[in-house]
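With the first letter of the sequence shown counted as 1, position 139 gets the number 138 in numbering that gives the first Met the number 0; the numbers rise by one all the way through.
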Amino acid sequence: MISKAKIKYIHSLEQKKHRKEEGVFVAEGPKIVGDLLKLLNPTLIVATQKWLLENNVSHNCEVIEATAEELRKVSFLQHPQQVLAVFPQFKNETDKNLVSLPTQELTLALDDVQDPGNLGTIIRIADWFGIENIVCSMDTADIYNPKVIQATMGSIARVKITYTDLKQYLKQIDKSTPIYGTLLDGKNIYQQELSSHGLIIMGNEGKGISPDIAAMVTHKLLIPNYPEGKDTADSLNVAIATAITCSEFRRYGNRHF
């Protein structure tokens with residue numbers, strides 16, 4: 000049986016300040032928890048008897064068997080999924096010096112992406128397209144937000160996220176590294192030569208890439224609407240735009256392999 004104190008503790012972790020104080024985050028569901036268990040030792044697992052019988056929990060942590068009703072009391076989801084776990088936060092997720100990031104690979108950079116669902120989906124997209132590093136501005140949503148963790152569907156375990164002063168980071172990377180950005184005055188992405196390495200910047204949901212960051216973009220790209228000249232949606236969701244952009248980079252790379 001799960002105590003009221005434990006329920007209160009788990010609920011407190013929905014807030015960033017408490018997650019930061021405790022140095023932990025919450026993950027839910029067999030897929031996400033299973034992927035994270037391969038990398039991190041949890042501090043707490045709350046799970047149904049069925050999940051515990053099907054999974055060998057060898058980690059030295061507190062394990063609480065809970066009924067479906069008890070799991071609903073602690074879950075952040077509308078429909079709880081057998082297991083909830085509390086994990087320690089990843090090390091070095093905030094770094095002022097990112098020169099060590101690989102320059103011969105594709106890296107995503109996020110300029111103030113605010114929506115947790117978008118951030119989690121972008122992490123999942125990066126994982127799908129083999130992008131192992133994402134650089135986030137300091138005002139980008141918190142990766143440990145439960146909605147972000149849930150939207151990654153386990154990809155948080157395979158993609159490194161680093162928060163930094165994005166403008167300063169762009170100033171210090173090698174000048175030969177191409178910096179791509181999706182902008183309204185960009186060139187049709189389907190007609191451009193795309194590199195197999197470099198930085199791809201995606202902007203804020205409402206404002207796009209900020210002027211200071213846009214000024215540092217060396218290759219401006221545009222995802223055109225169709226047909227040209229017809230009234231369509233004002234813009235694309237940033238996660239969808241990220242998927243299209245990453246897909247085109249990989250398609251172009253495979254075509255010129």
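Just so you know, even glycine gets a beta-carbon here, dropped at the ideal spot from N, CA and C.
If you follow the alpha helix (DSSP H) that H58 is in, where does it begin and where does it stop? On the sequence shown, position 59 is the one that residue 58 refers to. No alpha helix (DSSP H) holds H58; DSSP gives it neither H nor E.
Please report how far the alpha carbon of H255 lies from the alpha carbon of E192, in whole angstroms. For the purposes of this step, residue 255 is taken as residue 256 along the sequence shown, with counting starting at 1. For the purposes of this step, residue 192 is taken as residue 193 along the sequence shown, with counting starting at 1. Confidence in H255 is poor, its pLDDT being 49 and thus under 50, which makes the residue's placement unreliable; the coordinate value appears in the next sentence. So the two alpha carbons sit approximately 10 Å from each other.
Within its chain, find whatever has a CB closer than 6 Å to the CB of S194; leave out the 5 residues flanking it on each side and keep chain order. As a first step, residue 194 is located in the sequence shown; it is residue number 195 there, counting from the start. P177, listed in sequence order.
In angstroms with no decimal places, state the Cα-to-Cα distance between V158 and Q80. Here residue 158 refers to the residue found at position 159 of the sequence shown. Here residue 80 refers to the residue found at position 81 of the sequence shown. Cα to Cα, V158 sits roughly 23 Å from Q80.
Is Y168 near the ligand GDP, with its Cβ less than 7 Å from a heavy atom? The ligand content of the structure shown is nil, which means the ligand GDP is not present either.
Assumed close pair Q103, H196 - CB separation to whole angstroms, cut-off 8 Å: Looking up residue 103 in the sequence shown gives position 104. Looking up residue 196 in the sequence shown gives position 197. The distance from the Cβ of Q103 to that of H196 is about 5 Å, consistent with a contact at the 8 Å cut-off.
Report the residue from V82, D114, I122 whose alpha carbon sits nearest the alpha carbon of E68. As a position in the sequence shown, residue 68 is number 69, starting the count at 1. Of all alpha-carbon atoms in V82, D114, I122, the one lying nearest the alpha-carbon of E68 is that of V82.
Just the C-alpha distance for F86 and H58, rounded to the nearest angstrom, thanks. Counted from its first residue, the sequence shown places residue 86 at position 87. Counted from its first residue, the sequence shown places residue 58 at position 59. Taking the straight line joining both Cα atoms gives about 11 Å.
Mapping the DSSP letters down to three states, classify Y225 as helix, strand or coil. Numbered from its first residue, the sequence shown carries residue 225 at position 226. Y225: coil per DSSP, three-state reduction.
Extent of the continuous beta strand (DSSP E) run through N187: The sequence position of residue 187 within the sequence shown is 188, counting from 1. Residues 178 to 187.
Pick helix, strand or coil for I86, following the three-state DSSP scheme. Working through the sequence shown from its first residue, we reach residue 86 at position 87. Looking at the sequence provided, one finds Phe at residue 86 rather than Ile. DSSP places F86 in strand when its eight states are reduced to three.
Rounded C-alpha distance that separates K170 from I121: Residue mapping note: residue 170 aligns to position 171 of the sequence shown, counting from 1. Residue mapping note: residue 121 aligns to position 122 of the sequence shown, counting from 1. C-alpha separation (whole angstroms): 24 Å.
DSSP on Y251, reduced to helix/strand/coil? To locate residue 251, count along the sequence shown from 1; it is residue 252. Correct three-state label for Y251: helix.
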